[in-house]
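Chemist:
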Amino acid sequence: MEVPMGLQNYTIKDLSASLRLIPYFKEVSPVGVLRSMDFFSDVNEDTIASIAADVFISEFPEGTVVCRHGKFDERFFIILSGTARAVIPTEDNPRFELYRLGPGDFFGEEIVLSTEPRGDSIIAETACVMLAMPSEILKTLIGASPHVRGLMDARYIERNLRGDLRRIPLLTNLGDDIFERLLKEVELLDYTTGQIVFREGDPGDAFYLIREGKVDVYRTVDGDRKLIAILADGQYFGEMSLMSDEVRNATVEAVSKVSLVRISRNVFMKIAGSDARVRGEFRDVFAERSKNREDILKNPYIAHMTRQLLDLNRDINIHMDILSQCVIDTERGGALLATMPGSRYPYVYPRDSACASRFLFKVITSPLKAGDSAFRLLGEIARFILECQRADGYWGQRYGIVGDDKAIYKQEDNVAHGIAILCRYLLACKRRGAPTPLLERMVSAIEHGFDYAKKNYYRNEIHLFYSTTSIHESAIEEGYSIWVNFAYLLMFRLMERVACDYGMVERFADAMEMKSGFESTIEKIFTMSGRFVRRLKPNGEIDLRPDITLMSPFFFGSGLVEDFFMDSEEFRNSIQYIEQTLWDPDLGMLQRYLPFIEDPHTHVHAGNGPWVQYTSMLAQYYFYTGNMERGNKILAIIDSYKSKEGYLCEHLTTPERYFEFKRLEWLSGDDFDKEFAPGILVPGIPYDLVVEELTHMKKSYEEVERRCAEVGKNGHISFATPLMWSHAEYAMALMLRTEKELETLRGSFDENAAQGNTTA
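Numbering (my numbering), first residue to last: 6 to 765.
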């Protein structure tokens, strides 16, 4: 039966109070309402009274995405009426169904049982009414109710533990019948901070998997505690005791509240040890693991590396969550918006999505656990971009969430960005050994995109790609820009890797031939007076103005498994030049470009001031080259501008600068003339798109004026918060920082080891 809507956001306390106004329901109480559900059957009255104001009724119309995979849920749900589906995107189906849920079922327990984002999405199949509660309330119930704790444990075993155990080498190849019997015998245990799981020298009688929390693994050497490993969610220890009765060679201690899965040796041998084939496989794995374990015990670097990777994984998940919040699930794939739905930029920009794919590919090819979520998200983005390509191979400036072309400006580098996304996804699939049923479609799209760019933008006489606009899509940048051409250089390099990895060298032969001439001339053409230049104009003049696009050789060369970027003297001079000329003296960080008021093709810009994504790129460069102090200072400045929710904006400005723009350009109409100059608009642009863009601009400026009034003369205001691209570049900086820190740490340990000091 479908329950009528109208209870949205009622708390159980409020609902009970409202019902008591009706004489027939005068005895209704929060205890009575919640106790009528099996979930709360043994929760005492005092606990129910304390949580009643924080348990809400939530209503979801048919088709609503209640929870999305890749995000960190903030609420736990119990279905009261209706049905829902748990789905994940796959190569063949953007909503592959895992299981169904109905009245009495619950989901979202990950908010207290895991530090990882959701692995699936929950979609209302029919109109649903649910109870919703925050993590603190669920934690209270788990602590107060053995029944609730039992339900959580049973759900964990049913949905999560099976996959966690199958990833362990000793258990991967167990037959299904043996594995299911073993699953029924596991123990779920909790440890408090500082509690010892087992000590060095204890009998080895069980194997442990970390369900939630973190443990230190250490040995005692000459009376001193020597840390050898730090383990967290999803990792395991003690597995060798399943095949051997040797004593423990290390102590394991909980460094936070820890939930563990325990399998005793006796249970394991009773169930699995009777199978001769299984015993043989175990002996092989045992021998390999024993060797690996001794290597770990001799190398303290591994423990420190693990600690830093765990911290990095936590930080990366925060930014991955924000990227996921900017994704709209569609039948075409994941539409990665520039900002969250309902904001200033409700569009998919291939350029921005390609920049995000650079970060996602870096995570996928790292040892971080977040790589699983990154791979799934990159797959969704690639499928959406694939569907956006025009039949002739072209990708435009931006798209709506159903893949409709919303482009206003010419932006010739988008073909390179569309190809880059598809190539990165195919390379990630190859690295992970994942199936690629869309391989032929994606390779054909790459071919068509290359053919289109070659025919329309490539100038063979100079071996460069011609463009009307550069990264500043609303300003004429006609000629050969450094940003556009290094984007195409990256496209060639990615195509070359796809050709090699997938055995398609002959198929991409034309592109590789063009690459040879293009690659050999690009840096020479864009270098003058010891630094890079932003553009070669159509008449042959060199555009020497400062611009963040001078970072293009680094941006389009870093972040890959095999890096092409070389830190040359010319590039160092370019970095020094843009810092001297573009560093904002008032707000800090890099401006995108200077407001060349005398230049009729460039305007003051409403957001004249520092831009977060480009400043994050500068931090990346310093981490990449080992200048940790400078990189950390830059990130600290960015951190000072985070919103209270931890969001990063696109750019900042001051009320004074904004009102200067309003006086000079907005009220005079000059801004309209420059934003919609015929030379930069796509041919045949519908009038409705111009009106739509003007409406967005007007609403944005009205909001800015309200914020100007709030912050006063001496404050600052932010545009487009959160910006997906800013979070991707900031997180990329974190990746490069940790990479360099670990490289330095490894060198330090190697040096100590060479000197005979193995306890460093």
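Note that beta-carbon positions come from the ideal geometry of N, C-alpha and C, so glycine has one too.
Three Cβ pairs or more, each shorter than 8 angstroms: is that satisfied between the segment 536–548 and the segment 499–509?
Modeler: no
Chemist: Starting from S264, follow the alpha helix (DSSP H) in both directions and report where the run begins and ends.
Modeler: Within the sequence shown, residue 264 is the residue found at index 259, counting from 1. Following the DSSP letters along the chain, one finds S264 in no alpha helix (DSSP H) but inside the beta strand (DSSP E) bounded by residues 263–269.
Chemist: Since A340 is in the alpha helix (DSSP H), which residue starts that stretch and which ends it?
Modeler: In the sequence shown, the residue the question calls residue 340 occupies position 335. That residue, A340, is in no alpha helix (DSSP H); its beta strand (DSSP E) goes 338–341.
Chemist: Taking the alpha-carbon of T131 as reference, which of E190, V71, P28, L365 has the nearest alpha-carbon?
Modeler: The count along the sequence shown starts at 1 and reaches residue 131 at position 126. Considering only alpha carbons, the answer is V71.
Chemist: Quick one: using the 10 Å Cβ neighbour count with 16 as the cut-off for buried, is N271 buried or exposed?
Modeler: On the sequence shown, position 266 is the one that residue 271 refers to. Per the 10 Å Cβ criterion, exposed.
Chemist: In three-state DSSP terms, what is R123?
Modeler: Residue mapping note: residue 123 aligns to position 118 of the sequence shown, counting from 1. Coil at R123, not helix or strand.
Chemist: Taking the alpha-carbon positions, what's the Y619 to I323 distance?
Modeler: As a first step, residue 619 must be located in the sequence shown, where it is residue number 614. As a first step, residue 323 must be located in the sequence shown, where it is residue number 318. Their Cα atoms are separated by approximately 20 angstroms.
Chemist: Would you tell me roughly how many angstroms separate the C-alpha atoms of M157 and E114, rounded to the nearest one?
Modeler: The residue labelled residue 157 in the question sits at position 152 within the sequence shown. The residue labelled residue 114 in the question sits at position 109 within the sequence shown. Cα to Cα, the separation comes out at about 7 angstroms.
Chemist: Tell me where the alpha helix (DSSP H) around E192 begins and ends.
Modeler: Taking the sequence shown and counting its residues from 1, one reaches residue 192 at position 187. It is not in any alpha helix (DSSP H) - E192 instead sits in the beta strand (DSSP E) that spans 192–196.
Chemist: Would the segment 534–543 count as touching the segment 480–493 if we require 3 or more Cβ pairs under 8 angstroms?
Modeler: yes
Chemist: Helix, strand or coil, according to DSSP, for K367 in the structure here?
Modeler: On the sequence shown, position 362 is the one that residue 367 refers to. Here K367 sits in helix by DSSP.
Chemist: Determine the contact status of G338 and F389, defining contact as a CB-CB distance below 9 angstroms.
Modeler: Taking the sequence shown and counting its residues from 1, one reaches residue 338 at position 333. Taking the sequence shown and counting its residues from 1, one reaches residue 389 at position 384. Yes, these two residues count as a Cβ contact at 9 angstroms.
Chemist: Do I162 and L143 count as a contact pair if the criterion is CB distance below 9 angstroms?
Modeler: Counted from its first residue, the sequence shown places residue 143 at position 138. Counted from its first residue, the sequence shown places residue 162 at position 157. Not closer than 9 angstroms, so no.
Chemist: Does the segment 205–214 come close enough to the segment 239–254 to have 3 or more Cβ pairs within less than 8 angstroms?
Modeler: yes
Chemist: On a Cα-Cα basis, can you pick out the residue from P551, Y463, E734 that is closest to S621?
Modeler: By 1-based counting over the sequence shown, the position of residue 621 is 616. Of the listed residues, the one whose Cα sits closest to S621 is E734.
Chemist: Which ranges would you report for the alpha helix (DSSP H) in the segment 171–258 if only whole runs of at least 4 residues count?
Modeler: The qualifying runs are 174–177, 181–188.
Chemist: With burial defined as no fewer than 16 other Cβ atoms inside 10 Å of the residue's Cβ, what is the status of M737: buried or exposed?
Modeler: Here the question's residue 737 lines up with position 732 in the sequence shown. Burial call: buried.
Chemist: Give every residue of the same chain whose Cβ lies closer than 7 angstroms to the Cβ of D125, excluding the five residues on either side of it in the sequence, and list them in chain order.
Modeler: Your numbering for residue 125 matches position 120 in the sequence shown. Excluding residues within five positions, the ones whose Cβ falls inside 7 angstroms are H74, A91, V92, I93, L103.
Chemist: What separation, rounded to the nearest whole angstrom, lies between the Cα atoms of D675 and C360?
Modeler: Here residue 675 refers to the residue found at position 670 of the sequence shown. Here residue 360 refers to the residue found at position 355 of the sequence shown. C-alpha separation (whole angstroms): 31 angstroms.
Chemist: Give the straight-line distance between the Cα atoms of W730 and V60, rounded to the nearest whole angstrom.
Modeler: Within the sequence shown, numbered from 1, the residue matching residue 730 stands at position 725. Within the sequence shown, numbered from 1, the residue matching residue 60 stands at position 55. Taking the CA atoms as reference points, W730 sits about 35 angstroms from V60.
Chemist: Indicate whether I327 and P615 have their beta-carbon atoms separated by less than 9 angstroms.
Modeler: As a position in the sequence shown, residue 327 is number 322, starting the count at 1. As a position in the sequence shown, residue 615 is number 610, starting the count at 1. No; because the gap between Cβ atoms is not below 9 angstroms, this pair is not in contact.
Chemist: Can you tell me whether K703 is buried or exposed, with buried defined as 16 or more other CB within 10 angstroms of its CB?
Modeler: Indexing the sequence shown from 1 puts residue 703 at position 698. Exposed: under 16 other Cβ atoms inside 10 Å.
Chemist: When DSSP labels each residue in this structure, what does M345 get in the three-state scheme?
Modeler: Here residue 345 refers to the residue found at position 340 of the sequence shown. Reduced to three states, the DSSP call for M345 is coil.
Chemist: Entirely within the segment 631–669 and at least 3 residues each: give me those beta strand (DSSP E) ranges in chain order.
Modeler: 656–658
Chemist: Between the alpha carbons of L672 and N419, how many angstroms are there, rounded?
Modeler: Translated into positions along the sequence shown, residue 672 becomes position 667. Translated into positions along the sequence shown, residue 419 becomes position 414. Each residue's alpha carbon lies about 32 angstroms from the other.
Chemist: Apart from the five residues on each side of it in sequence, which residues of its chain come closer than 8 angstroms, Cβ to Cβ, to C654?
Modeler: Locating residue 654 in the sequence shown gives position 649, where the first residue counts as 1. Closer than 8 angstroms at the Cβ level, and outside the excluded window around C654, lie V617, Y646, S648, S723, F724, A725, T726, P727, L728, S731.
Chemist: L728 by DSSP, collapsed to three states: which one?
Modeler: As a working note, residue 728 is residue 723 in the sequence shown. Correct three-state label for L728: strand.
Chemist: Given a cut-off of 9 angstroms, decide if S475 and I426 are closer than it, judged by their beta-carbon atoms.
Modeler: By 1-based counting over the sequence shown, the position of residue 426 is 421. By 1-based counting over the sequence shown, the position of residue 475 is 470. No.
Chemist: Thinking C-alpha only, which one of S521, F570, E567, F576 is nearest S534?
Modeler: As a first step, residue 534 is located in the sequence shown; it is residue number 529 there, counting from the start. Answer by Cα proximity: F576.
Chemist: Just reading off the alpha helix (DSSP H) that F677 is part of, what are its end residues?
Modeler: The sequence position of residue 677 within the sequence shown is 672, counting from 1. Looking at the DSSP string, the run of the alpha helix (DSSP H) that includes F677 is 675–680.
Chemist: In chain order, which alpha helix (DSSP H) runs of at least 4 residues are fully inside the segment 83–149?
Modeler: 115–118, 140–149
Chemist: Measure the alpha-carbon distance for L741 versus D43 and round it to whole angstroms.
Modeler: The residue given as residue 741 occupies position 736 in the sequence shown. The residue given as residue 43 occupies position 38 in the sequence shown. Roughly 50 angstroms separates the two Cα atoms.
Chemist: Nearest to D410 by alpha carbon, out of E511, L365, Y29, G689?
Modeler: Indexing the sequence shown from 1 puts residue 410 at position 405. When only C-alpha atoms are compared, the closest one is G689.
Chemist: Considering only the beta carbon of each residue, do R253 and E205 sit closer than 9 angstroms?
Modeler: Residue numbering aside, residue 253 sits at position 248 when the sequence shown is read from its first letter. Residue numbering aside, residue 205 sits at position 200 when the sequence shown is read from its first letter. It is a contact, given that the beta carbons lie within the stated cut-off.
Chemist: Measure the C-alpha to C-alpha separation of N562 and S140 and round it to an integer number of angstroms.
Modeler: Stepping through the sequence shown from its first residue, residue 562 is reached at position 557. Stepping through the sequence shown from its first residue, residue 140 is reached at position 135. Checking the sequence shown, residue 562 turns out to be Gly, not Asn. Looking at the two C-alpha atoms, the distance is approximately 42 angstroms.
Chemist: Using alpha carbons as the reference points, say which of I406, I530, L432 lies closest to I467.
Modeler: The sequence position of residue 467 within the sequence shown is 462, counting from 1. The option with the nearest alpha carbon to I467 is I530.
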